[in-house]
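Please read the structure below before turning to the comments.
In the working numbering, the protein residues as written are 1 to 262.
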């Protein structure tokens with residue numbers, strides 16, 4: 001029997017990985033655990049060949065076989081890899097080009113925000129030349145009830161993450177004696193329900209006098225909040241109406257964001 005060259009053995013090894021990868025991707029595209037017959041057919045492999053690869057994938061924890069009906073599904077190692085891939089998703093890499101496009105289209109200051117350890121956090125900020133700049137920069141922590149970013153976080157995150165902060169902000173507003181738009185937990189609940197119904201948030205000088213802002217959520221396939229896109233500008237120069245250009249462009253950018261996340 002003719003021995004294989006080193007190059008041939010290396011090529012066979014690559015092909016083996018490709019076939020294993022094909023099985024994993026095929027399983028991901030199918031709904032639920034699969035029989036050997038159905039999985040091999042969907043992957044365009046013979047059952048015998050598919051079985052050999054499945055045995056190795058089971059040994060590596062990437063696939064598991066039910067002891068009840070013999071069907072195949074993802075194993076613990078595959079779930080760990082999936083979680084790691086999601087956690088390493090580069091929000092900045094995806095969001096930065098979209099923000100550049102938004103700023104150029106709207107000619108307004110725009111930014112990308114996320115929910116951080118300290119609350120609603122500005123992650124990336126793109127300004128436009130103005131006589132007076134808005135003094136908010138990357139790393140800034142914004143309030144929940146008086147910022148467009150905060151309202152989106154409060155509206156779309158699980159209440160357990162935000163309810164204490166909301167109560168604290170309302171109490172601080174009452175102690176300050178100043179006039180704020182949200183004066184009670186009931187008013188906050190109504191405000192956040194309105195944000196969800198409209199699909200965007202708006203503040204008119206609530207955080208900085210003379211500065212209006214609006215924001216939209218970026219929601220993944222599970223409707224979990226991934227990021228927030230926002231536009232900011234002087235009250236007389238930015239259209240914050242529900243059918244205005246800024247809202248339309250922000251929502252379009254959010255759809256592009258979701259598509260890029262996959």
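Glycine included, C-beta positions come from ideal geometry on N, C-alpha and C.
Which one of 69, 44 and 36 has the shortest CA to CA distance from residue 54?
For residue 54, the nearest C-alpha among the options comes from 36.
What is the DSSP secondary structure of residue 145, reduced to helix, strand or coil?
Of the three classes helix, strand and coil, the one that applies to residue 145 here is coil, per DSSP.
Whose CA, out of 98, 65 and 38, lies closest to the CA of residue 251?
Nearest of 98, 65 and 38 to residue 251, Cα basis: 98.
Using only the alpha-carbon positions, how far apart do residue 143 and residue 170 sit?
11 Å
Using a threshold of 8 Å, state whether the C-beta atoms of residue 34 and residue 23 are closer than that.
no
Nearest residue (CA-CA) to residue 63, options 69, 19 and 77:
Here the closest residue by C-alpha is 77.
Given 8 Å as the limit, is there contact between the stretch 186 to 201 and the stretch 218 to 227, that is, 3 or more CB pairs closer than that?
no
Would you report the Cα separation of residue 104 and residue 161, rounded to the nearest angstrom?
34 Å
Pairwise C-alpha distance: residue 71 and residue 204:
57 Å
Check whether the Cβ atoms of residue 121 and residue 141 lie closer than 8 Å to each other.
yes
For residue 120, the three-state DSSP class (helix, strand or coil):
strand
What ranges does the beta strand (DSSP E) occupy inside the stretch 36 to 66, keeping only unbroken runs of at least 3 residues that lie completely in it?
63 to 65
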